[in-house]
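Counting in this note's numbering, the sequence shown runs from 138 upward without gaps.
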Amino acid sequence: MYWQQDIECMDREELTQLQLERLQATLFRVSRNVPLYRARFEEHDIDPDSFLSVEDIRRIPFTSKADLRENYPYGLFAVPLREVVRLHSSSGTSGRPVVVGYTKNDVKRWADLVARILCMGGLDQDDVLQIAFSYGLFTGGFGHHYGAERLGASVIPSSSGNTRKQLAIMQDYRTTALVCTPSYALHLADVMEEEGINPNALSLRWGLFGAEPWSENMRQEIESRLKITATDNYGLSEIMGPGVAGECLEQGGLHVNEDAFLFEIVNPDTGEPVPDGEVGELVITTLIKEAFPMVRFRTGDLTRRIVQPCPCGRTHHRISRILGRVDDMITIKGVNVFPSQVEHILAEVEGAAPRFQIVVERDESHLDRATIQLEVSESILFDQMRKSQEFLATLKKKLASELGVGFEVSLVGRRTLPRGEDKMKRVIDKRMF
Ligand code: DLL
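Dropping the structure here:
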């Protein structure tokens, strides 16, 4: 039922004391080893020794995505590369991705934190876990893999894609648990129906879904179609990947692994804390990371803190499911994309400031479909068909290779897209979460 009961059910006063000690240690480490933090602490006269409570953290400025971009690739690492045993990455806000590193200890602790989340979602060592997240720079595949092995489950690293093969594996290997994005879970349900596979005949019991927004309605649909218990699973590369927060079987919000992460919910405009229970931006400070510690990182994710005790017995506070984003980041098939990245690529190919709109929808198979409507000159649109085909092919290839997810591109004439008084709405998200 618990993976590390002593920590997961720790008395809150003791937990807060542990957080304070770990916070001080983290602040010392970053002020010694990371020039950005050293400079900021000096500028704001911050002495970790003087911290008497975790609330003192509010004196420290936030860390933003822009800080990560400016320190690409290794500027925020707190250890020399010699000590880094793993690198992962995720999309940044413009051309540059975010690179994150892990020491041996980080990898070990990460596995324990993910094992906790898997355990919360119902799994134990008797489970056969199919990991249908991609294995690669994305943290989803390897993050769950190490956590599940640590738990002692039998891991099937099926990775993403190839749905029919996933289903054959699920039947033959008697998969009992699945981790993937919620939209892929629905897609699996569709293909199962098409193939005449009866979900009751499968061994599947548990599903942990995350890496993209979803809703209670989606949960109910997944649960009834796959005949499983579905829980929410949250994390982000900058902080660690999966393993940050997860839902227990009460299904009433996600427990944050508070011994490893100090979280705050702030008003995104003022940066001031919001009262418990109110919606705000999630800000996270890592407490035990060695290679890539983050202090007050603004996640851009909107949620609220749930302080009511959970019937499961865990004392770590919960957050509600993610309710939206502060910025314009969109998650397409689990991959984060910023319109500014798209703009950058379009400008490179088109050679001018592009006018475009991204339309995201769910196709008949429950998969995300993203289409870029791009205004181009009449000559590209009509006069030279071959040229426009070439242009489209180059563009699609570049988008897929640089952003890690495919886009449809539809060319439209100049002045087709709506022109408002203000900045054009870059993204039209038609998906119903
Ligand atoms: O998505 C890590 C992860 C992998 C979490 C697998 C869970 C399962 P990134 O690619 O850096 O890392 O994307 C992080 O995705 O800031 C949220 O906006 C969004 N996100 C992640 N999990 C959820 C969730 C991984 N459960 C960004 N609900 C985050 C809603 C989520 N949004």
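Heads up, the beta-carbon is just placed ideally off N, CA and C, and yes, glycines get one too.
No experiment lies behind these values; they were computed from the predicted model shown.
Can you tell which of the options has the C-alpha that lies nearest to the C-alpha of residue i?
i	options	result
D406	F400, R435 and G390	R435
H481	G471, T300 and K535	K535
T200	V497, P430, S228 and R362	P430
R492	V474, E145 and V546	V546
Q308	I293, G298 and G277	I293
G277	A248, F178 and N354	A248
E360	I376, N337 and M377	N337
T468	K533, K567 and R551	K567
S457	S187, A382 and V479	A382
D261	G238, E286, R246 and R177	E286
T553	L339, E515 and L529	E515
V549	Q510, T531, E349 and H392	Q510
R394	G408, E349, Q445 and H454	The question names Arg, but residue 394 in the sequence shown is Asn. For N394, the nearest C-alpha among the options comes from H454.
E375	I194, I565, F544 and F398	F398
N208	M329, R219 and P172	P172
Less than 7 Å between the beta carbons of residue i and residue j, yes or no?
i	j	result
G344	N370	no
S296	Y321	no
P198	V236	no
R442	D396	no
G229	P379	no
R385	M257	Residue identity differs from the one stated: residue 385 is Cys in this sequence, not Arg. A contact, by the Cβ cut-off of 7 Å.
L424	D438	no
E427	V216	yes
K245	V222	no
D465	P476	yes
L274	H225	yes
L540	V496	no
V265	T313	yes
G289	V251	no
L341	I365	yes
V411	I421	no
E353	T318	no
Could you check where the beta strand (DSSP E) with residue i kicks off and where it finishes?
i	result
F165	Where F165 is concerned, there is no enclosing beta strand (DSSP E), although the alpha helix (DSSP H) it sits in stretches over R149 to N170.
I565	V564 to D566
I469	I467 to I469
Could you please give me the residues that DSSP links to residue i through a beta bridge?
i	result
W343	A314 and T366
D438	R462
D505	R499
Y174	Partner(s): none; Y174 has no beta bridge.
Q141	Beta-bridge pairing links Q141 to no other residue.
F493	L511
V472	I469
L518	The partner list for L518 (beta bridge, DSSP) is empty, contrary to what the question assumes.
L373	G378
Please list the terminal residues of the continuous alpha helix (DSSP H) segment that includes residue i.
i	result
R556	No alpha helix (DSSP H) holds R556; DSSP gives it neither H nor E.
S226	Here S226 belongs to no alpha helix (DSSP H); instead the beta strand (DSSP E) covers V221 to S227.
E545	E545 -> not in any alpha helix (DSSP H); beta strand (DSSP E) instead, spanning E545 to G550.
V486	P476 to E487
M329	P319 to E331
List in chain order: all unbroken beta strand (DSSP E) runs of 3+ residues lying wholly within the segment 187 to 219. none
Counting only runs that start and end within the segment 375 to 457, where is the beta strand (DSSP E) found for 3 or more residues in a row? 378 to 384, 391 to 393, 398 to 403, 417 to 423 and 434 to 440
Hey, which unbroken runs of the beta strand (DSSP E) at 3 residues or more fall wholly within the segment 232 to 307? 235 to 240, 265 to 268 and 291 to 293
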